[in-house]
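In what follows, a structure is listed as structure tokens, so that the remarks can point back to it.
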Amino acid sequence: MKIETKCLHSGYTPKNTEPRVVPIVQSTTYVYDSTEEVASVFDEPTKSLIYSRFANPTVMAVENKIAELEGGVGAMCTSSGQAATLLSILNICRAGDSFISTGEVYGGTVNLFSFTLKKMGIECIFVDRNSSDEEIMKAFKPNTKAVFGETIANPALSVLDIERFAKIAHANNVPLIVDNTFATPILCRPIEFGADIVIHSTSKYMDGHAVQVGGVIVDSGNFDWTNGKFPELVEPDESYHGISYVETYGKAAYIIKARMQLMRDFGVYPAAHSAFLLNLGLETMAIRMEKYCENAMKVANYLKGHEKIESIKYPGLESDEDYPLTKKYLKGASGVISLVIKGGREKAMEFMNSLQLASNEVHVADIRTCVLHPASETHRQLTDEQLVAAGINGGMVRFSVGLENVDDIISDIEQALNKI
Ligand SMILES: *Cc1c(COP(=O)(O)O)cnc(C)c1O
36 MKIETKCLHS GYTPKNTEPR VVPIVQSTTY VYDSTEEVAS VFDEPTKSLI
86 YSRFANPTVM AVENKIAELE GGVGAMCTSS GQAATLLSIL NICRAGDSFI
136 STGEVYGGTV NLFSFTLKKM GIECIFVDRN SSDEEIMKAF KPNTKAVFGE
186 TIANPALSVL DIERFAKIAH ANNVPLIVDN TFATPILCRP IEFGADIVIH
236 STSKYMDGHA VQVGGVIVDS GNFDWTNGKF PELVEPDESY HGISYVETYG
286 KAAYIIKARM QLMRDFGVYP AAHSAFLLNL GLETMAIRME KYCENAMKVA
336 NYLKGHEKIE SIKYPGLESD EDYPLTKKYL KGASGVISLV IKGGREKAME
386 FMNSLQLASN EVHVADIRTC VLHPASETHR QLTDEQLVAA GINGGMVRFS
436 VGLENVDDII SDIEQALNKI
């Protein structure tokens, strides 16, 4: 199946007389004929359904669909994108370990990596994505367990050189984890370029309609966990009668360990109803992504060189510094544009307040056009230094182009720019 078809049909194939649409299985638990059978499921929790903190049929249909869309061996949904990021790291890092991340990542990710994981004894070493291979290699320590980056960074909109970062990670025997939220598998499939683990905030384009907060982790199945650096995937797990994930689950070791240990203990599994809504978004994702890219390109071309705009960042523009990476990795640059209004913070906020169609909201990648001021909102907790590292300027507006008629979006921008 081609990817557009997978969006509609993967993950759920109804049999004779079964519901056409993925049913919402609104049940915390599942019935067994005997205690012996329940006991055997505890020995091997992935064999069958036990309890909806680990797995649920509605959520599993979505997990299987996303795994197929990304080309992975398995996926696990989480109750938010933040939970996906957290578990993707905790699955391979413990107190005393470190990992490397590019500086240009989502504000919530910066907080998680710089503060919360630090309190848990896990150190994040931030590197500049433009540093040379040699400089990045120098950041590795014997306890470094992963490399992390975003395909299209939120909100810096820089494009990750996935192949280069995968090579560097693999030269150091660690996996590359890519947050593919803005690109979605429609615009980029990071596994094809060497990423080992792919994560998403499904709250954005995957859902698309701003109706559910969620996340997902996808395992490529390609990483060799037996290289000596990841004993927790190889050696017996005391909390599961001494099973070895690699031995028992082979290529799916990472994602099954995440479910059996971390989902069991943290319990950040989405509700069946959220998964149902997410699935509706996934069904139209291919066609929506095409239109977001088309609309955003027109808006970017309108803004480029406008007298009231200091600069614009849209990696789909040929003049953009990331354009060569866009051409290599992406089928389109998504609907998100970052612009810097002349006059800094004050003028940016004035512009945003003057918009009529585009709404001010803490969201991005919605079906409706929306705007956000990163410096005073999502990235408010960051120091000036961290703001610069994340590629954020006080006059910056994150403009998320929706699916309205593009002429209406441009007229709205025009009238707002005329007011400042
Ligand atoms: C929004 C976002 C997250 C966090 O996801 P939530 O669903 O809001 O928890 C992580 N990464 C990126 C790139 C995001 O845009």
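Just so we're on the same page, this note's numbering is the position in the sequence shown counted from 1, plus 35. Beta carbons: idealized from backbone N, C-alpha and C, even for Gly. If you're wondering where the values come from, they're calculated on a predicted model, not measured in any experiment.
Beta-carbon contacts of residue i that lie in its chain and below 7 Å, excluding the five residues immediately before and after
| i | result |
| --- | --- |
| Arg224 | Glu105 and Gly106 |
| Gly277 | Pro271 |
| Val436 | Tyr327, Asn330, Ala331, Val334, Gly370, Ile372, Thr404 and Ile444 |
| Leu268 | Trp260, Tyr280, Val281, Ala288, Tyr289 and Lys292 |
| Asn51 | none |
| Lys82 | Val76 |
| Phe148 | Ser136 and Cys159 |
Cβ separation of residue i and residue j, assumed to be a contact under 8 Å, to the nearest whole Å
| i | j | result |
| --- | --- | --- |
| Gln247 | Leu192 | Incorrect: roughly 24 Å between the Cβ atoms, too far for contact. |
| Ile344 | Pro190 | That belief does not hold up - the Cβ atoms of Ile344 and Pro190 are roughly 16 Å apart, past 8 Å. |
| Lys326 | Leu222 | The pair is not a contact, with the Cβ atoms about 12 Å apart (cut-off 8 Å). |
| Leu407 | Ala451 | With a Cβ gap of about 15 Å, Leu407 and Ala451 do not count as contacting. |
| Asp447 | Leu392 | 4 Å |
| Ala201 | Asp254 | About 15 Å; that fails the 8 Å criterion. |
| Ala456 | Leu122 | Coverage of the chain is limited to positions 36 through 455, which leaves residue 456 absent and any answer about it impossible. |
| Val213 | Ala230 | 4 Å |
| Thr237 | Gly116 | 7 Å |
Spatial neighbours of residue i in its chain, beta-carbon cut-off 6 Å, leaving aside the 5 residues before and after
| i | result |
| --- | --- |
| Tyr337 | Ile445 |
| Asn207 | Phe175 |
| Asn99 | Gly46 |
| Glu158 | Ser133 |
| Glu396 | Cys405 |
| Lys348 | Leu192 and Ser373 |
| Tyr67 | Val73 |
| Thr113 | Ala119, Gly250 and Val303 |
C-alpha gap between residue i and residue j, whole angstroms
| i | j | result |
| --- | --- | --- |
| Glu39 | Asn146 | 35 Å |
| Gly249 | His398 | 13 Å |
| Lys363 | Phe228 | 10 Å |
| Arg55 | Thr48 | 8 Å |
| Pro220 | Gly143 | 22 Å |
| Ser354 | Lys333 | 14 Å |
| Met172 | Glu139 | 18 Å |
| Leu211 | Ser167 | 17 Å |
| Met324 | Glu71 | 49 Å |
| Ala307 | Tyr65 | 14 Å |
| Glu6 | Lys264 | Because the chain spans 36 through 455 in this model, residue 6 falls outside it and cannot be assessed. |
| Pro266 | Cys42 | 36 Å |
| Gln61 | Gly340 | 53 Å |
| Leu152 | Glu53 | 45 Å |
| Gln421 | Glu273 | 40 Å |
| Ser394 | Asp300 | 39 Å |
| His205 | Gly184 | 14 Å |
| Phe386 | Asn453 | 9 Å |
| Gly156 | Glu170 | 24 Å |
| Glu198 | Ser69 | 51 Å |
| Ser411 | Asn440 | 29 Å |
| Tyr284 | Gly302 | 22 Å |
| Asn388 | Ala188 | 25 Å |
| Thr63 | Glu318 | 26 Å |
Check whether residue i and residue j have beta carbons under 8 Å apart
| i | j | result |
| --- | --- | --- |
| Cys128 | Ala174 | no |
| Gly316 | His235 | no |
| Val76 | Ile85 | yes |
| Gly379 | Gly429 | yes |
| Tyr304 | Arg88 | yes |
| Ile252 | Ile232 | yes |
| Val432 | Leu374 | yes |
| Phe161 | Thr186 | no |
| Leu297 | Asn126 | yes |
| Thr137 | Leu195 | yes |
| Phe311 | Ile124 | no |
| Asn91 | Gly131 | no |
| Met111 | Met241 | no |
| Val57 | Ala118 | no |
| Lys239 | Ala400 | yes |
| Ala425 | His414 | yes |
| Lys382 | Ile322 | no |
| Pro80 | Met384 | no |
8 Å Cβ shell around residue i - same chain, five flanking residues per side excluded
| i | result |
| --- | --- |
| Gln416 | Gly142 and Asn146 |
| Ser346 | Leu374 and Val375 |
| Val108 | Ala102, Asp254, Ser255, Gly256, Lys286, Ala287 and Ile290 |
| Ile226 | Glu105, Gly106, Gly107, Val233, Val253, Ser255 and Asn257 |
Residue i Cβ short of 7 Å to ligand 3 heavy atom set
| i | result |
| --- | --- |
| Asp419 | As for ligand 3, it is missing from this structure, which binds only ligand 1. |
Contained alpha helix (DSSP H) runs [length at least 4] in the region 349 to 378, N- to C-terminal order
If one requires a minimum length of 4 residues, the alpha helix (DSSP H) runs lying completely within the region 349 to 378 are 358 to 364, in chain order.
Where are the alpha helix (DSSP H) runs, 4 residues long or more, that stay fully inside the region 80 to 121, in chain order?
Entirely contained in the region 80 to 121, the alpha helix (DSSP H) runs reaching 4 residues are, in chain order, 92 to 105.
Where in the region 296 to 330 do unbroken runs of the alpha helix (DSSP H), each at least 4 residues long, occur, reported from the N-terminal end onward?
For the region 296 to 330, whole alpha helix (DSSP H) runs of length 4 or above, ordered along the chain, are 307 to 318.
Can you give, in chain order, each stretch of the beta strand (DSSP E) that sits fully within the region 181 to 269 and has at least 3 residues?
Runs of the beta strand (DSSP E) inside the region 181 to 269: 211 to 214, 232 to 236 and 250 to 254.
Could you pull out every unbroken alpha helix (DSSP H) segment of at least 4 residues lying fully inside the region 377 to 430, listed in chain order?
Along the length of the region 377 to 430, whole alpha helix (DSSP H) runs at least 4 residues long occupy 379 to 389 and 419 to 424, reported in chain order.
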